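Undergrad: No gaps in the numbering here: position 118 of the sequence shown is 931 in our numbering, and each next residue is one more. I am attaching a structure below and will ask some questions about it afterwards.
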Amino acid sequence: EIGRKLFAGEAGFYWAAASLGGLPPMTGVEIAFAGRSNVGKSSLVNALTGRRTLARTSHTPGRTQELNFFRIGRAGSPLAFTLVDMPGYGFAAVGKEKVAAWTDLIHAYLRGRANLARVYVLVDSRHGLKDTDARVLETLDKAAVSYQIILTKVDELRQSEAEGRIAATRSAIAKRPAAFPDILPTSSRTGAGIAELRAAVARLLAE
Ligand code: GTP
Ligand code: MG
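This is how it looks when you write it as structure tokens:
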């Protein structure tokens, strides 16, 4: 299928930015992954690309400390694009000031990046949407940047619990103008939802 093909080629890290001034030039489509610390952003980047160690992951919240840019696909190909793995917001085991600085950077990036085609906002399926997530959704709605909610770690829930979380999340975002109505349940551990997410990225690039 198309989604699989998209991620079957080259994938590599090419840029890290710790500040707005340090962002790479805007070339080609960017797709960003945002979410609270430890929600599973870096693991999802690895699952999508089928590479275990492309993005660094950790049990300890606060692992990713910069915006990391990964080039997917051959340079010059019309199907090449960039994935952006971001630091987390919310609690991290690195001190409040660092998290506050990341959070400012994340909001500024999401608000002002013209080539940002879609943001996937990752939410832990066990915990649901938190206030810090709502603030990010607010930023995206105001900036009219389209986004979709991904529920992570569904392997930790029973089917009925997962369904309940999907329904609750769907109704929580129903009135948000820039949100996709569909919620994507995923697990980087079992691979659940990964093919669907790849297909969604493929559809987005074909637009
Ligand atoms: P920060 O960079 O610190 O913000 O974290 P992150 O959102 O990038 O999370 P990361 O991918 O580093 O994963 C955090 C923890 O969650 C690790 O211990 C992962 O093994 C675990 N994890 C990630 N995805 C899944 C999943 O699908 N299921 C389960 N059960 N655990 C997961
Ligand atoms: Mg990370």
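All C-beta atoms, glycine included, are put in the ideal place defined by N, C-alpha and C. Predicted model, so just to flag it, every value in this text is computed and none were measured.
1) Suppose contacts are defined by Cβ-Cβ distances below 8 Å. Is S938 in contact with L964 by that definition?
2) Given that a residue counts as buried once 16 or more other Cβ atoms are within 10 Å of its Cβ, and exposed if not, what is S832?
3) Among residues of its own chain, excluding the 5 on either side of E1009, which ones have a beta-carbon nearer than 7 Å to its beta-carbon?
4) Under the assumption that R849 contacts Y902 (Cβ atoms under 8 Å), give the Cβ distance between them as a whole number of angstroms.
5) Under 8 Å between the Cβ atoms of V936 and T982?
6) Relative to the C-alpha of T945, which residue among A956, A905, L892 and G977 is closest?
7) Check whether the Cβ of K854 lies closer than 7 Å to any heavy atom of the ligand MG, and answer yes or no.
8) With burial defined as no fewer than 16 other Cβ atoms inside 10 Å of the residue's Cβ, what is the status of T1003: buried or exposed?
9) What are the residues that DSSP puts in a beta bridge with Y960?
10) So, are the CB atoms of D968 and S1000 less than 8 Å apart?
11) Considering only C-alpha positions, which residue in the set I844, I919, P994 and Q878 is nearest to N928?
12) Ignore the nearest five residues each way along the sequence and tell me which others in G825's own chain have a CB closer than 6 Å to its CB.
13) How about L880 and V897: are their beta carbons less than 8 Å apart?
14) So, helix, strand or coil for V858, using DSSP?
15) DSSP three-state call for G863: helix, strand or coil?
16) Using the Cα positions of A1019 and S959, report the straight-line distance between them to the nearest angstrom.
17) Can you look up R1011 in the DSSP assignment and give me helix, strand or coil?
18) Verify whether the separation of the beta carbon atoms of V932 and L923 is less than 8 Å.
19) With hydrogens ignored, establish whether the beta-carbon of E879 is closer than 7 Å to any heavy atom of the ligand GTP.
20) Can you give the Cα-Cα distance for V934 and R1016, rounded to whole angstroms?
21) Please report the Cβ distance between F820 and T877, rounded to the nearest whole angstrom; I am assuming they are in contact, meaning their Cβ atoms lie under 8 Å.
22) Within the continuous beta strand (DSSP E) that includes G901, where are the two ends?
TA: Reading from the atomic positions:
1) In this structure, S938 places its C-beta atom within 8 Å of the C-beta atom of L964.
2) That one is exposed.
3) If you ignore the 5 residues before and after E1009, its C-beta comes within less than 7 Å of the C-beta of L997, all in its own chain and listed in chain order.
4) Indeed, because the Cβ distance is near 6 Å, the residues count as touching under 8 Å.
5) The criterion of a C-beta distance shorter than 8 Å is satisfied by V936 and T982.
6) With distances taken between Cα atoms, T945 lies closest to A905.
7) Yes, the ligand MG has a heavy atom inside 7 Å of this Cβ.
8) With fewer than 16 other Cβ atoms within 10 Å, it is exposed.
9) According to DSSP, Y960 bridges with V932 and A992.
10) Yes; because the gap between Cβ atoms is below 8 Å, this pair is in contact.
11) In terms of CA proximity to N928, I844 leads the group I844, I919, P994 and Q878.
12) The residues are R884.
13) Going by C-beta atoms, L880 is nearer than 8 Å to V897.
14) Three-state DSSP puts V858 in a helix.
15) Three-state DSSP puts G863 in coil, outside helix and strand.
16) Distance from the CA atom of A1019 to the CA atom of S959, rounded to whole angstroms, is 15 Å.
17) Annotated three-state conformation of R1011 is helix, per DSSP.
18) At a Cβ-Cβ threshold of 8 Å, V932 and L923 count as neighbours.
19) Answer for E879: no, Cβ out of range of the ligand GTP.
20) Those two C-alpha atoms are separated by around 18 Å.
21) By a beta-carbon distance limit of 8 Å, F820 does not contact T877. Their separation comes to about 20 Å.
22) Per DSSP, G901 is not a residue of any beta strand (DSSP E), being assigned neither H nor E.
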